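Heads up: the structure comes next, in structure tokens.
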């Protein structure tokens, strides 16, 4: 699973899935491609919707994606970025609710 260490609030210093805002005129998948390039340096091919959740006044839609190019690097508002397996995931300080949400969608990182 690809995770980013948040550089800014909310959750500065904690790990989460990459993401951001959909800009005016963008579709969800266009925003996914743009945000992943900005935060991780990766060029991705969007996959299916994994799940939706509402946090405060934000509606969050998470999609799967497949990296098809680029170079993994922290950019934009990410302090760090990395691929993690289940063991690494369990050892990281994560944003509140991430594990419960991903578990509910059946997409926690697999053991290697």
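Numbering (the UniProt record's numbering), first residue to last: 1 to 112.
Quick reminder that beta carbons are idealized off the backbone N, C-alpha and C, glycines included.
Source: prediction; values computed, not measured.
### Query
For the stretch 69–77 against the stretch 51–59, are there 3 or more C-beta pairs whose distance is under 8 angstroms?
no
### Message
Between which two residues does the beta strand (DSSP E) holding residue 62 run?
### Response
Counted from its first residue, the chain shown places residue 62 at position 62. Element bounds for residue 62: 58–70.
### Task
Determine which residues share a DSSP beta bridge with residue 3 and list them.
To locate residue 3, count along the chain shown from 1; it is residue 3. DSSP output for residue 3 lists 82 as bridge partner(s).
### Query
Within the chosen definition, does the stretch 30–41 reach the stretch 100–112 through at least 3 CB pairs nearer than 8 angstroms?
no
### Query
Cα separation between residue 45 and residue 7?
In the chain shown, residue 45 corresponds to position 45, counting from 1. In the chain shown, residue 7 corresponds to position 7, counting from 1. Approximately 25 angstroms between the Cα atoms of the pair.
### Query
For residue 80, which of 101, 92, 86, 69 has the nearest alpha-carbon?
Stepping through the chain shown from its first residue, residue 80 is reached at position 80. Cα-wise, what sits closest to residue 80 is 92.
#### Entry: DSSP three-state assignment for residue 13, whether helix, strand or coil
Here residue 13 refers to the residue found at position 13 of the chain shown. Three-state result, residue 13: coil.
### Query
Are there 16 or more other CB atoms within 10 angstroms of the CB of residue 4, so buried, or fewer, so exposed?
Reading the chain shown from its first residue, position 4 is the one you call residue 4. Its Cβ being crowded by 16 or more others within 10 Å, residue 4 is buried.
### Task
Please name the residue, chosen from 64, 12, 2, that lies closest to residue 51 on a Cα-to-Cα basis.
Translated into the one-based positions of the chain shown, residue 51 becomes position 51. The candidate whose alpha carbon is nearest that of residue 51 is 64.
### Task
Please list, in chain order, all residues of the same chain as residue 40 whose beta carbon is under 8 angstroms from its beta carbon, the five residues on each side excluded.
Within the chain shown, the letter at position 40 stands for residue 40. Same-chain partners within the cutoff: 2, 4, 18, 70, 72, 73, 74, 75, 78, 81.
### Message
Under DSSP, the beta strand (DSSP E) around residue 42 begins and ends at which residues?
### Response
The sequence position of residue 42 within the chain shown is 42, counting from 1. In the DSSP assignment, residue 42 falls within the beta strand (DSSP E) that extends over 42–55.
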